[in-house]
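Trainee: Here numbering that gives the first Met the number 0 is used: position 72 in the sequence shown is 71, and no number is missing along the way. For each residue, glycine too, the CB sits at the ideal point set by N, CA and C. I'd like to ask you about the structure that follows.
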Amino acid sequence: MPKQRFDTGRHLASRHAVKRVLDRHKVVIVAKKFAGGQVTTRVLVDGEYYDVDNRQLDLLEMGRTPEQIFLEPAVKH
0 MPKQRFDTGR HLASRHAVKR VLDRHKVVIV AKKFAGGQVT TRVLVDGEYY DVDNRQLDLL
60 EMGRTPEQIF LEPAVKH
């Protein structure tokens, strides 16, 4: 029975894919506020808090950075 060859290119591609997933920014939902029919979510991303709407939250969870969607850190009370 012939020995199967190890596909190095495929292995490296899967390693890079795992690294990309691990390098994504972690988004932690801290609180949700409901007012006037609107939902505002406070999230923690890389040590900074941001107040975001549902669309911005979706973008962050897809891997976008706060800078890419022009978010400013939330004002601390």
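Whole angstroms are fine: how far does the CA of T40 sit from the CA of D50?
Mentor: 6 Å
Trainee: Where does A73 sit, in a helix, a strand or coil, going by DSSP?
Mentor: coil
Trainee: Using the beta-carbon count (16 or more within 10 Å), is L70 buried or exposed?
Mentor: buried
Trainee: Relative to the C-alpha of L59, which residue among V74, V42 and A16 is closest?
Mentor: V42
Trainee: Considering only residues of the same chain and omitting the five flanking positions on each side of K31, which have a CB-CB separation below 8 Å?
Mentor: V38, T39, T40 and R41
Trainee: To the nearest angstrom, report how far apart G62 and S13 are at their CA atoms.
Mentor: 18 Å
Trainee: Return the residue from the list K75, D45, G46 and I28 that minimises the CA-CA distance to D52.
Mentor: Minimum Cα distance to D52 is reached at I28.
Trainee: Ordered along the chain, which non-local residues of its own chain (more than five positions away) have a Cβ less than 7 Å from that of Q55?
Mentor: I68 and L70
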